[in-house]
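Engineer:
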Amino acid sequence: MTGKPKISMYWAASCGGCEIALVNINEKIIDLDANFDFMFCPCLLDTKKQEIKELPDESIFITFFNGGIRTEENEEMAHLLRKKSKILIAFGSCAYEGCIPALANLSSREELFKTVYLDNPSIDNPHGILPVPESDVAEGELEIPLFYDTLRTLSQVVDVDYFIPGCPPEPKQIWKVVELVLSGASLPPKKSVIGAGKSSVCEECDRKKSEKMVEKFFRNYEIIPEKEKCLLEQGLICMGIATRDGCGALCPKVNMPCTGCYGPPEGVLDQGAKMVSALGSIIDISDIKGLSEEKIIEKINSTIESIPDPAGLFYKYSLADSLLKRRVAQ
Amino acid sequence: MKTAVYFCNCGSNISEKINPEIVENTVKMNNPGIVFKSYGFLCSEEGKEFLKKDIEDSGVNALVISACSPRDHEKTFMNVLTSAGLNPYMMQMINVREQVAWVTEDKDRAAEKAINYINAAISRVNLQEPLENKEIDVSPNAVVVGAGPAGLKTALSLAEAGRKVTIVEKSPFIGGLPVRYEEIFPNMECGPCMLEPIMGDALHGNSSENIEFLTLSEIDGVVGSYGNFTVKIKRSPRYVDIEKCIGCAECIEPCPVSSGNPFNCGINKRKAVDFSFVGALPNVPYINAEDCIRLNNKFKNGDVLCRSCIDACPVGEDVFKFDEKEEILERNVGSIILATGSDLYDCAKIPSLGYGKISDVYNSMEFERILASNGPTEGKIKTSGGKEPRSFAIVHCVGSLDENHKEYCSGICCEYAFKFNHIIRNKIPSATIYHLYKEMVIPGKENAGLYKHAAEDSNTYFIRINDINGITVKEEGDKKFFYIDGAEKISVDAVILCPASVPGKDTGKLAGILETSLDKNGFFEELHSRTDAGRSKIKGIYVAGSCHSPMDIKEAMSEGIGATGYVLSGLVQGKKLSIDPITAVVDSEKCSGCKVCISVCPYKAISFNEEKEISIINELLCQGCGTCAAACPSAVIKANGFTNEEIFAEIHAILA
């Protein structure tokens with residue numbers, strides 16, 4: 003035990019990229035260790051749940067919680083860490099807004115199990131066994147955490163103090179947050195998004211922007227975009243316009259459209275809906291005057307149909323935290 | 002925030018269906034601390050006094066008024082708020098009368114709906130912020146597009162009221178269609194003479210210094226909105242100085258080139274420098290750039306440039322301005338009046354009538370020019386063979402009352418058809434005249450006279466036909482025959498077709514520039530076809546004359562006065578225009594400059610500040626439609642009075 007403030011990092015339904023992002027602060031990790039007692043991180047350390055339970059409440063200064071709430075265990079750990087932490091931060095897109103795991107909300111639990119345990123070409127499951135919370139085996143009763151029907155974000159389960167967006171958060175931004183805490187400066191209002199900007203990715207993107215009118219959309223492999231011009235204007239669906247800045251516009255800088263991992267800009271309630279609304283405003287309809295209603299619909303549809311998988315595209319990161327949250331009917 | 006609900010019973014209109022007590026109990030339960038009061042007629046003088054006093058005494062700072070449609074009394078109650086010292090935008094009015102009491106049969110359902118609406122309004126009004134009206138300077142002046150009867154009347158009346166008016170006229174002359182008519186129904190006045198007092202006053206009367214005539218000019222673009230339009234006008238060169246030319250016509254005869262005169266429907270020729278027709282005003286010829294040798298050979302080295310017109314001019318060389326270029330002019334005005342007139346339906350679209358293929362088959366405009374003493378035949382009626390025709394067929398309803406062509410009746414064709422009858426009878430007393438018509442339409446107290454003459458005339462025949470398309474005109478030698486439904490065969494020397502009145506050919510283009518809407522027939526669409534037929538759907542843009550509906554000169558003149566009334570009452574000189582604060586606002590700190598919003602604004606109110614790299618909304622131009630707020634992908638544009646928070650609060654409460 004040391005006198006340093008405790009810092010912990012937990013992963014729920016996530017890929018592990020957030021831990022790698024933390025380690026990617028490189029030699030600053032030494033500074034982190036010098037200032038904090040990095041005491042809990044299942045990915046890196048062997049601390050047990052029981053040890054956390056035994057800590058007094060609010061004795062962990064900061065917890066970086068990454069991953070969405072997919073299982074009973076995720077939820078249990080969310081409550082435990084909330085209780086034991088002074089500052090609970092939803093770290094990364096999964097904890098903040100659901101991210102890729104939340105796209106499973108477009109299916110039901112039964113459909114997910116069918117895909118993963120029955121139809122998966124690489125699985126051998128002749129008896130069609132599916133996970134159940136409790137089962138009797140030779141050694142006795144086996145308990146595994148319940149798999150929920152819907153993935154929820156951390157803040158849909160417990161009270162969250164701050165949100166750090168990104169899939170994963172940029173190491174530079176993680177270090178900025180740590181530095182802010184270390185500086186002793188007053189922290190931003192609770193529930194704020196920290197480690198990011200307040201505008202959109204376009205703010206950090208150097209591409210030349212014009213008035214937007216897009217006649218046809220392309221998938222990334224279909225065209226080689228011009229280097230200087232706004233990608234959206236070239237027909238690539240760049241989510242940058244509806245995505246919070248802070249990443250440094252890394253993707254557009256290397257000719258790849260933004261996919262929206264920093265979540266909605268400040269004040270936007272639903273990133274996907276905002277993107278759809280913006281695209282609806284810039285789809286080129288300049289030469290429809292005099293056309294019949296059917297022809298106009300046909301023209302608009304042909305543009306819209308060039309967008310495959312709209313849900314996966316517009317809600318790639320934000321489905322669980324959106325107004326939609328999940329599919330509700332077949 | 003202390004919030005109050007005022008529930009108007011509207012006599013028994015609302016309370017008969019919705020029990021105010023039930024509503025009060027539930028609303029109070031759902032919204033602890035809310036003030037709830039009901040009243041008989043909130044819009045009555047006593048009601049307004051009660052409301053004012055109650056606001057003052059109870060110290061509420063946000064109000065929900067549950068009453069009738071906001072179109073009825075929103076303004077009434079906003080005024081009460083103002084008089085009670087409260088910001089008028091701290092109110093949310095809900096329409097419990099039309100949208101609940103009058104349409105929901107079941108009393109329990111009605112009460113439930115009313116409660117839902119009230120709860121939603123409370124949720125939103127608590128988030129509303131005080132907004133301030135802004136006052137802006139406006140231009141009392143106007144641009145009038147088209148110098149026909151309606152346009153001239155508008156321009157002259159506005160000028161007489163001290164307003165500056167710019168008339169933009171596409172053709173080289175003013176007066177529109179009637180100055181090309183020798184005589185005009187119903188009183189057989191000479192067209193140019195009838196318009197002369199108006200044109201004369203406009204050109205050199207007491208108020209003429211207030212009128213600027215731009216002929217050979219078209220609208221090229223418009224930005225801005227009611228009170229502050231900036232109109233771009235494209236003026237094509239006339240190549241003759243209107244100020245210096247005295248209109249002596251000496252230059253015309255020596256000009257070596259000529260081509261078909263479009264103002265006489267191509268029936269005769271005009272010189273490259275010529276008047277549109279004799280008597281056209283302004284009394285200055287214009288040069289047709291396509292024909293003029295000098296303009297076309299200008300850059301050929303070594304050739305001697307043609308100077309026929311210059312040499313003939315008694316005034317001097319500088320009357321001609323061969324280096325004149327197309328110009329873009331800008332005028333800042335508060336109102337725009339569209340008076341662009343109409344055209345004739347293309348008779349060739351009914352091929353069986355032979356128009357354009359058989360000689361001596363004329364449309365009514367061509368025949369008007371033939372009858373005109375300043376026209377191609379100097380008023381003499383002759384067939385293509387040079388003989389005086391002995392018999393005429395006048396076909397009414399060409400392309401009218403016909404779902405395959407134009408469904409409407411233009412209401413003027415029968416009248417000028419009987420005018421033709423009258424003129425033909427005077428010029429050729431023994432001529433036989435046949436009127437072929439589907440319906441006879443001669444409305445108005447003065448208009449039956451010409452019809453009576455024709456009806457009483459022993460050598461005029463009326464043939465009613467079910468389907469004008471069933472008429473076939475054929476040529477055999479120098480004789481024309483018309484067949485009715487392929488059977489009856491009648492021989493005539495000339496055929497005059499009276500087609501439907503249709504919008505002028507550039508109406509669509511102009512509507513595109515102004516973003517005004519057109520009706521299904523391509524005429525400018527009125528705000529309301531009965532109560533506001535002089536207004537387009539865009540505030541500050543008015544319509545007058547046959548550009549929005551077929552009509553005669555009398556109606557067009559009245560509409561010109563009507564448009565004048567709109568301008569004078571709307572934009573009073575020296576008075577400021579109050580700007581509604583329901584506008585969109587850009588958060589300049591957060592705008593990333595993605596430029597999504599710019600092209601979506603129907604009022605062209607959004608521009609881009611290249612230095613700060615942010616969008617800027619001009620609050621004078623913004624009409625608060627919210628399109629940009631919806632389009633802004635980073636929620637940086639806020640729609641005053643309709644913020645996301647307010648709308649979501651409302652929806653949440655409705656769905657709760």
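Protein chains in written order, with our numbering: chain G, 3 to 332; chain P, 2 to 657.
All C-beta atoms in this analysis are idealised placements derived from N, C-alpha and C, irrespective of residue type, glycine included.
For Gly546 (chain P), does the three-state DSSP call read helix, strand or coil?
Structural biologist: helix
Engineer: Starting from Phe321 (chain P), follow its DSSP beta bridges and name the residues at the other end.
Structural biologist: P:Val241
Engineer: Could I get the ranges of all uninterrupted alpha helix (DSSP H) runs contained in the stretch 203-237 of chain G, with 4 residues as the minimum, in chain order?
Structural biologist: none
Engineer: Which residue wins for smallest C-alpha separation from Glu389 (chain P), given the options P:Ile425, P:Asn188, P:Gly400 and P:Ile351?
Structural biologist: P:Ile425
Engineer: Provide the residue span of the alpha helix (DSSP H) that contains Ile196 (chain G), from first to last.
Structural biologist: Counting along the chain, Ile196 (chain G) falls outside any alpha helix (DSSP H), and DSSP gives it neither H nor E.
Engineer: Note the first and the last residue of the continuous beta strand (DSSP E) segment covering Asn26 (chain P).
Structural biologist: Run containing Asn26 (chain P): none in the beta strand (DSSP E); it sits in the alpha helix (DSSP H), Pro21 to Asn31.
Engineer: Give the residues from the stretch 631-645 of chain P that approach chain G closer than 9 Å (Cβ to any Cβ), ordered along the chain.
Structural biologist: Ala631, Ala632, Cys633, Pro634, Ser635, Ala636, Val637, Lys639 and Asn645
Engineer: Does any residue of chain P have a CB that is nearer than 8 Å to the CB of Ser201 (chain G)?
Structural biologist: yes
Engineer: For Ser279 (chain G), which residues in chain P fall below 9 Å Cβ to Cβ?
Structural biologist: Ala631, Ala632, Cys633 and Pro634
Engineer: Identify every residue that forms a DSSP beta bridge with Cys9 (chain P).
Structural biologist: P:Tyr40
Engineer: For Leu656 (chain P), decide whether its Cβ has a neighbour in chain G, counting only Cβ atoms nearer than 8 Å.
Structural biologist: no
Engineer: Tell me which same chain residues have a C-beta within less than 6 Å of the C-beta of Lys480 (chain P), skipping the five on either side of it?
Structural biologist: Ser492
Engineer: Tell me whether the beta-carbon of Ile395 (chain P) lies closer than 8 Å to the beta-carbon of Ala373 (chain P).
Structural biologist: no
Engineer: Does the stretch 250-261 of chain P touch the stretch 211-223 of chain P, meaning 3 or more C-beta pairs lie closer than 8 Å?
Structural biologist: Contact fails: fewer than three Cβ-Cβ distances are below 8 Å.
Engineer: By alpha-carbon positions, which one of P:Met195, P:Pro377 and P:Ser209 ends up nearest to Val279 (chain P)?
Structural biologist: P:Pro377
Engineer: Does DSSP put Gly1 (chain P) in a helix, in a strand, or in coil?
Structural biologist: For chain P, the structure presents residues 2 to 657; residue 1 (chain P) sits outside this window and is missing.
Engineer: Quick one: give me the first and last residue of the beta strand (DSSP E) that Gly578 (chain P) is part of.
Structural biologist: Before going further, note that residue 578 (chain P) is Leu rather than Gly in the sequence given. Its beta strand (DSSP E) spans residues Leu578 to Ile580.
Engineer: Taking the straight line between their C-alpha atoms, what separation do you get for Glu106 (chain P) and Asn120 (chain P)?
Structural biologist: 21 Å
Engineer: Per DSSP, which one or two residues make a beta bridge with Ile617 (chain P)?
Structural biologist: Residue pairing by DSSP puts Ile617 (chain P) in a beta bridge opposite P:Ser608.
Engineer: Going by C-alpha to C-alpha distance, which of G:Ser201, G:Phe42, G:Ala187 and G:Thr155 sits closest to Ser87 (chain G)?
Structural biologist: Minimum Cα distance to Ser87 (chain G) is reached at G:Phe42.
Engineer: Below 8 Å on C-beta distance, what does Val597 (chain P) contact in chain G?
Structural biologist: Within chain G, the residues placing a beta-carbon under 8 Å from that of Val597 (chain P) are Lys214, Ile243, Ala280, Ser283 and Ile284, ordered along the chain.
Engineer: Compute the Euclidean distance between the alpha carbons of Ser16 (chain P) and Thr27 (chain P), then round it to the nearest angstrom.
Structural biologist: 16 Å
Engineer: Could you spell out where the beta strand (DSSP E) holding Trp177 (chain G) opens and where it closes?
Structural biologist: Looking at the DSSP string, Trp177 (chain G) is not in any beta strand (DSSP E); the run it does join, the alpha helix (DSSP H), is Pro173 to Ser185.
Engineer: Here's the rule I'm using: 16 or more other beta-carbon atoms within 10 Å means buried, otherwise exposed. How should Phe463 (chain P) be labelled?
Structural biologist: exposed
Engineer: Quick one: Cα of Ala14 (chain G) to Cα of Pro147 (chain G), how far?
Structural biologist: 12 Å
Engineer: Can you tell me which of the three DSSP states Phe524 (chain P) falls into?
Structural biologist: coil
Engineer: Considering only C-alpha positions, which residue in the set G:Ala92, G:Asp151, G:Glu74 and G:Asp59 is nearest to Glu113 (chain G)?
Structural biologist: G:Asp151
Engineer: Out of P:Gly642, P:Ser635, P:Glu620 and P:Val166, which has the shortest C-alpha to C-alpha gap to Gly225 (chain P)?
Structural biologist: Per the Cα distances, P:Glu620.
Engineer: Tell me, please, whether the CB atom of Glu113 (chain G) is closer than 8 Å to any CB atom in chain P?
Structural biologist: False, the Cβ-Cβ gap to chain P never drops below 8 Å.
Engineer: Tell me the residue span of the alpha helix (DSSP H) that contains Ser95 (chain G).
Structural biologist: From DSSP, the alpha helix (DSSP H) with Ser95 (chain G) extends over Gly94 to Glu99.
Engineer: Taking a cut of 9 Å between CB atoms, which residues from the stretch 262-278 of chain G lie near chain P?
Structural biologist: Pro266, Pro267, Glu268, Gly269, Val270, Leu271, Gln273, Lys276 and Met277
Engineer: Using only alpha-carbon positions, find the residue among G:Leu233, G:Ile71, G:Val180 and G:Cys207 that is nearest to Val160 (chain G).
Structural biologist: The residue with the shortest Cα to Cα distance from Val160 (chain G) is G:Ile71.
Engineer: Out of P:Lys233, P:Tyr287 and P:Gly594, which one is the CA nearest neighbour of Leu515 (chain P)?
Structural biologist: The residue with the shortest Cα to Cα distance from Leu515 (chain P) is P:Lys233.
Engineer: Near Gly342 (chain P), which residues of its chain fall below 7 Å by C-beta distance, leaving aside the five closest residues on each side in sequence?
Structural biologist: Gly147, Gly149, Gly177, Leu178, Gly505, Gly546, Ser547 and Cys548
Engineer: Could you tell me how far apart the beta carbons of Ile338 (chain P) and Thr155 (chain P) are, in whole angstroms, since I believe they sit closer than 8 Å?
Structural biologist: Contact annotation, Ile338 (chain P) with Thr155 (chain P): C-beta distance approximately 5 Å; criterion of less than 8 Å satisfied.
Engineer: Any idea which residues DSSP pairs Pro504 (chain P) with across the strands?
Structural biologist: P:Ser343
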